[in-house]
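Undergrad:
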Amino acid sequence: MRIVVLTKPVPDPASGGERLGADGRLDRTNSPAVVNGNDEYVLEKALKLVEAAGEGEVILLTMAPATAPETMRKALAMGATRGVLVTDPPIGGSCTVATTRILAAALKTLEFDLVLAGVDTSDGGAGVVAPGVAALAGLPYLSYAASIEPDAAAGKVRVNRITPSGYDVLEAPMPALISGTQALGEPRYPSLKGIMAARNKEITTLTLADLGIDAGTVGTAGATTKVVDSRAPEPRAATRVVREEPDEAARQVVALLAERRLI
Amino acid sequence: MAGIWVHGELAADGSLAKLSTEVATLARSLAGESGGAEVTGIVIGADPAGGAAELARFVPRVLVVTEPSTVDHAAGTIVAQRLAALIEERDPDIVLAGAGPEGRDLAGALSALTGRGVLANAIALRGSPDGPIATHSVFGGKLITESALTGGRGIVTVRPNAVTAEAADSPGSIETVAPAGELTQPAVPIIDRIEAQGAAASIDDARIIVAGGRGVGGPEGFGLIADLAEALGGAVGATRAAVDSGWIPYSQQIGQTGKIVKPQLYLAMGISGAIQHKVGMQTASTIIAVNRDPDAPIADFADMVVVGDLVEVGQAILAQLRERSG
Ligand SMILES: Cc1cc2nc3c(=O)[nH]c(=O)nc-3n(C[C@H](O)[C@H](O)[C@H](O)COP(=O)(O)OP(=O)(O)OC[C@H]3O[C@@H](n4cnc5c(N)ncnc54)[C@H](O)[C@@H]3O)c2cc1C
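Taken in sequence, the protein lines are chains A and B. For what it's worth, this note's numbering labels the leading residue of the first sequence as 138, then goes sequentially. For what it's worth, this note's numbering labels the leading residue of the second sequence as 115, then goes sequentially.
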């Protein structure tokens, strides 16, 4: 079982340090990078599937600035076999269209049974890259997975896709691309051994030239969207602290609800 | 024909998603601010008539495509191919879709197939001489950004509760069309649909959410949360701590790796307000928290914090709500 996991380094949402630079793009210097939360869930699933198969590899595919290996090592420490990093200065400022094209082109250089991606990222959060990559690569696309069950002998994979009222059970031939959620299970912590081993794991670098992509069509130059303005949100009103006994406290809650026409 | 298109998303039962009625309402105001651009609804599905009639209450014109394969196949990629073909034929400037799972799957495939850019998760949208300007809440709500599409053309996904849906003065026309071309992307069969037992009301576009955290203490504790939600006419939400403990399904989780919601009222019971939870609910109009710890982070951004035991306070609130409606 060979599984490619799309892994994005994102500013740590818990750091509180995310901000935009003067160019309206993410300022990556102001907060530590971590592996995107949803990507960790699919990575965990990929590791389990390869362990269960008893053979195979988990390959990280990342498109990011040249500092990315630092973050990719965290995912390698969890147990991924190796990493592939697409990095090239002109890629900076790429919109989702360019990102999708680049990742789809990079996938062509790899052999795999499954491609897994988190349903969205904590920094961009568009949730459109995975379906876009599947469309460009011509892969069956199974999204919002709460479970992933490959049947290697039959060459098929089954996914429970989360719906508003339960699940749709989807089935597709492999190779296929699956976007996954936290419902896949808690990611493991890297062991000390894993951290040591990660240092020597291979991270291959690909450039735009390697992928045959014209630098003028990606990055800021080729961007289909642009941030034109930013501002701090309206501050919320001061908090009213209620310390009365339950009955009186409840009266104050209900009074506020009535005042705001919520009941 | 240039203009603004609205994708009418169909639920599994063929009805129009509520989110689409909001997006359609937004499209009309965007058109008004964009020199009176024409608004067209698009409904694509196996049995699109009902959804099309519903969407026609909101927009002057609806184009309908009957696509039998969506009845038992994952819809996003299929609908994207039909929509891409229509776009090729008629060349609208803007395509609007909902920012829920269906709309995102659609927008991603559509963007890849057409090369058009996506402004994702808009919380507001207005017209400008350079095309639509979308407002976004980013970095967990720390920043509001405004973004444009290069050349003023592309796709925009819109979050629930950006506007209140309002039907147009008169219903629009409905026209059946058949875009050219074959479906070339692999279709993914749905081999079974499983209804979760006691599936809770959806939090996605709920006006009122009562959410429980670790403080609720166990699955039984969610009984009180559900009673409060029922008394308020709302839905039940939860933190990851409650979901991880198995007290409530993941579909109800709010936050970074759950759902992002924007209700009128968010009643947080036994929730500390960790950053990963806050990013999912902080744009709620009114936030009321019940927490026995006055220093919990949620006290920094709630409108009201009741310091006390959630069972005692919750039961008192419930009793008073029931008395009122009595
Ligand atoms: C990658 C990643 C993604 C995450 N995504 C999410 C997400 O999507 N959503 C999410 O919610 N979290 C998410 N988290 C987890 C998040 O960091 C917090 O751990 C979680 O939100 C805490 O949930 P909680 O508030 O229920 O529990 P706690 O932080 O334990 O808070 C419980 C609160 O209840 C109060 N309390 C206890 N008993 C009572 C009582 N009897 N009466 C009144 N008050 C009481 C306590 O004072 C405390 O404030 C994520 C974390 C990571 C690392």
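Even glycine gets a Cβ: it sits at the ideal position worked out from N, Cα and C.
1. Name the two residues that bound the continuous beta strand (DSSP E) containing methionine 200 (chain A).
2. Go ahead and label valine 223 (chain A) buried or exposed: buried means 16 or more other beta carbons lie within 10 angstroms of its beta carbon, across all protein chains shown.
3. Is any heavy atom in ligand 1 found nearer than 6 Å to the beta carbon of arginine 325 (chain A)?
4. Starting from the C-beta of tryptophan 119 (chain B), find all residues in its chain whose C-beta is less than 6 Å away, skip the five residues before and the five after it, and write them out in chain order.
5. Does threonine 236 (chain A) come within less than 7 Å of chain B when only Cβ atoms are used?
6. What residues from chain B crowd round glycine 174 (chain A), counting only those whose CB sits closer than 9 Å?
7. Check whether the stretch 357 to 370 of chain B and the stretch 396 to 407 of chain B touch, using three or more Cβ-Cβ pairs below 8 Å as the test.
8. For aspartate 160 (chain A), count the other beta carbons within 10 Å of its own beta carbon; 16 or more makes it buried, fewer makes it exposed. Which is it?
9. Of all residues in the structure, which have a C-beta closer than 5 Å to any heavy atom of ligand 1, taken in chain order?
10. Does the separation of the CB atoms of arginine 325 (chain A) and methionine 215 (chain A) fall below 7 Å?
11. Counting C-beta neighbours from all protein chains within 10 Å, is the total for glycine 384 (chain B) 16 or more, i.e. buried, or is it exposed?
12. Exposed or buried, which one is alanine 392 (chain A) when buried takes at least 16 other CB atoms within 10 Å?
13. Check whether chain A comes within 7 Å of glutamate 136 (chain B), counting only Cβ atoms and requiring the distance to be less than that.
14. Check each residue of the stretch 287 to 307 of chain A: if its Cβ is closer than 9 Å to any Cβ of chain B, include it; give the result in chain order.
15. In whole angstroms, what separates the C-alpha of alanine 289 (chain A) from that of alanine 282 (chain A)?
16. For my contact list, proline 268 (chain A) and proline 310 (chain A) are in at a C-beta cut-off of 8 Å; report their separation, rounded to the angstrom.
17. Step through the CB atoms of chain A and report whether any lies within less than 7 Å of the CB of asparagine 235 (chain B).
18. The alpha helix (DSSP H) spanning threonine 135 (chain B) covers which residue range?
19. Excluding the 5 residues flanking alanine 413 (chain B) on each side, which residues of the same chain have their C-beta closer than 6 Å to its C-beta?
20. For alanine 160 (chain B) and alanine 272 (chain A), I'd like the C-alpha separation in whole angstroms.
21. Helix, strand or coil for threonine 362 (chain A) per DSSP?
22. Can you name the residues of chain A whose CB is closer than 8 Å to the CB of glycine 268 (chain B)?
23. Less than 8 Å between C-beta atoms, sequence neighbours within five positions excluded: which residues of the same chain meet that for alanine 355 (chain B)?
24. Measure the CB-CB distance between valine 221 (chain A) and leucine 240 (chain A) and report whether it falls below 7 Å.
25. Indicate whether at least one CB of chain A lies closer than 7 Å to the CB of serine 129 (chain B).
26. Of all Cβ atoms in chain A, is any one closer than 7 Å to the Cβ of valine 272 (chain B)?
27. Rounding to the nearest angstrom, what Cα-Cα distance links threonine 353 (chain B) and glycine 353 (chain A) in this structure?
28. Anyone know if the C-beta pair for leucine 213 (chain A) and valine 195 (chain A) falls short of 7 Å?
29. According to DSSP, is alanine 398 (chain B) helix, strand or coil?
30. Figure out for me which residue from A:Arg397, A:Arg398, A:Asp384 has the closest Cα to the Cα of valine 421 (chain B).
31. Note down, in chain order, every chain A residue with its Cβ under 9 Å from the Cβ of glutamate 260 (chain B).
32. Between glutamate 152 (chain B) and glycine 128 (chain B), is the Cβ-Cβ spacing less than 7 Å?
33. In the DSSP assignment, find the unbroken alpha helix (DSSP H) run with asparagine 337 (chain A) in it and report its ends.
34. Give the straight-line distance between the Cα atoms of alanine 254 (chain A) and glutamine 299 (chain B), rounded to the nearest whole angstrom.
35. If you follow the alpha helix (DSSP H) that lysine 182 (chain A) is part of, which residue opens it and which one closes it?
36. List, in order along the chain, the chain A residues whose C-beta lies closer than 7 Å to that of glutamine 299 (chain B)?
TA: Reading it off the structure:
1. Counting from 1 along the first sequence, the entry for residue 200 (chain A) is found at position 63. Methionine 200 (chain A) -> beta strand (DSSP E) spans 194 to 200.
2. Residue mapping note: residue 223 (chain A) aligns to position 86 of the first sequence, counting from 1. So valine 223 (chain A) counts as buried.
3. Numbered from 1 along the first sequence, position 188 holds the residue referred to as residue 325 (chain A). It does not: the Cβ of arginine 325 (chain A) is nowhere closer than 6 Å to a heavy atom of ligand 1.
4. Locating residue 119 (chain B) in the second sequence gives position 5, where the first residue counts as 1. Around tryptophan 119 (chain B): Thr154, Ile156, Pro206, Val209.
5. On the first sequence, residue 236 (chain A) is found 99 positions in, with the first residue counted as 1. For threonine 236 (chain A), the answer is no, since every Cβ of chain B falls outside 7 Å of its Cβ.
6. Residue mapping note: residue 174 (chain A) aligns to position 37 of the first sequence, counting from 1. Neighbours of glycine 174 (chain A) on chain B, chain order: Gln370, Thr371, Gln390.
7. no
8. As a first step, residue 160 (chain A) is located in the first sequence; it is residue number 23 there, counting from the start. Aspartate 160 (chain A) should be labelled exposed.
9. A:Gly174, B:Gly327, B:Arg328, B:Gly329, B:Thr353, B:Arg354, B:Ala355, B:Gly369, B:Gln370, B:Thr371, B:Gly372, B:Gly384, B:Ile385, B:Ser386, B:Ala388, B:Gln390, B:His391, B:Asn405, B:Arg406, B:Asp407, B:Ala410, B:Asp423, B:Leu424
10. Against the first sequence, residue 325 (chain A) aligns to sequence position 188. Against the first sequence, residue 215 (chain A) aligns to sequence position 78. A contact, by the Cβ cut-off of 7 Å.
11. The residue you call residue 384 (chain B) lines up with position 270 of the second sequence. By the neighbour-count rule (16 or more Cβ atoms within 10 Å), glycine 384 (chain B) is buried.
12. Counted from its first residue, the first sequence places residue 392 (chain A) at position 255. Exposed.
13. Taking the second sequence and counting its residues from 1, the one referred to as residue 136 (chain B) is at position 22. Closer than 7 Å: no.
14. Arg295, Val296, Asn297, Arg298, Ile299, Thr300, Pro301, Ser302, Gly303, Tyr304, Asp305, Val306, Leu307
15. As a position in the first sequence, residue 289 (chain A) is number 152, starting the count at 1. As a position in the first sequence, residue 282 (chain A) is number 145, starting the count at 1. If you take the alpha carbons of alanine 289 (chain A) and alanine 282 (chain A), they lie about 18 Å apart.
16. Looking up residue 268 (chain A) in the first sequence gives position 131. Looking up residue 310 (chain A) in the first sequence gives position 173. No, proline 268 (chain A) and proline 310 (chain A) are not in contact; Cβ-Cβ is about 18 Å, not under 8 Å.
17. By one-based count along the second sequence, residue 235 (chain B) stands at place 121. At least one chain A Cβ lies under 7 Å of asparagine 235 (chain B).
18. Here residue 135 (chain B) corresponds to residue number 21 of the second sequence, with the count starting at 1. Element bounds for threonine 135 (chain B): 132 to 146.
19. As a first step, residue 413 (chain B) is located in the second sequence; it is residue number 299 there, counting from the start. Excluding sequence neighbours, alanine 413 (chain B) sits near Val419.
20. What you label residue 160 (chain B) is simply residue 46 of the second sequence in a count that begins at 1. What you label residue 272 (chain A) is simply residue 135 of the first sequence in a count that begins at 1. If I take the Cα positions, the gap works out to 21 Å.
21. For the purposes of this step, residue 362 (chain A) is identified with residue 225 of the first sequence, where counting begins at 1. Threonine 362 (chain A): strand per DSSP, three-state reduction.
22. Mapped onto the second sequence, residue 268 (chain B) falls at position 154. By Cβ distance, chain A contributes Thr361, Thr362.
23. Within the second sequence, residue 355 (chain B) is the residue found at index 241, counting from 1. Gly327, Arg328.
24. Within the first sequence, residue 221 (chain A) is the residue found at index 84, counting from 1. Within the first sequence, residue 240 (chain A) is the residue found at index 103, counting from 1. Against a cut-off of 7 Å, the Cβ pair of leucine 240 (chain A) and valine 221 (chain A) comes out as no contact.
25. For this step, residue 129 (chain B) is matched to residue 15 along the second sequence. For serine 129 (chain B), the answer is no, since every Cβ of chain A falls outside 7 Å of its Cβ.
26. In the second sequence, residue 272 (chain B) corresponds to position 158, counting from 1. Valine 272 (chain B) does not count as touching chain A.
27. One-based indexing of the second sequence puts residue 353 (chain B) at position 239. One-based indexing of the first sequence puts residue 353 (chain A) at position 216. Approximately 44 Å between the Cα atoms of the pair.
28. Against the first sequence, residue 213 (chain A) aligns to sequence position 76. Against the first sequence, residue 195 (chain A) aligns to sequence position 58. Not closer than 7 Å, so no.
29. Counting from 1 along the second sequence, the entry for residue 398 (chain B) is found at position 284. Note: alanine 398 (chain B) maps to coil in three-state DSSP.
30. Counted from its first residue, the second sequence places residue 421 (chain B) at position 307. For valine 421 (chain B), the nearest C-alpha among the options comes from A:Asp384.
31. Counting from 1 along the second sequence, the entry for residue 260 (chain B) is found at position 146. Per Cβ cutoff of 9 Å: Val364, Val365, Asp366, Ser367, Arg368.
32. The residue labelled residue 152 (chain B) in the question sits at position 38 within the second sequence. The residue labelled residue 128 (chain B) in the question sits at position 14 within the second sequence. No.
33. As a first step, residue 337 (chain A) is located in the first sequence; it is residue number 200 there, counting from the start. Segment: none, asparagine 337 (chain A) is in no alpha helix (DSSP H) and carries neither H nor E.
34. Within the first sequence, the letter at position 117 stands for residue 254 (chain A). Within the second sequence, the letter at position 185 stands for residue 299 (chain B). Roughly 19 Å separates the two Cα atoms.
35. Counting from one through the first sequence, the residue named residue 182 (chain A) turns up at place 45. Here the alpha helix (DSSP H) through lysine 182 (chain A) covers 174 to 190.
36. Taking the first residue of the second sequence as position 1, residue 299 (chain B) is located at position 185. In chain order: Ala272, Gly275.
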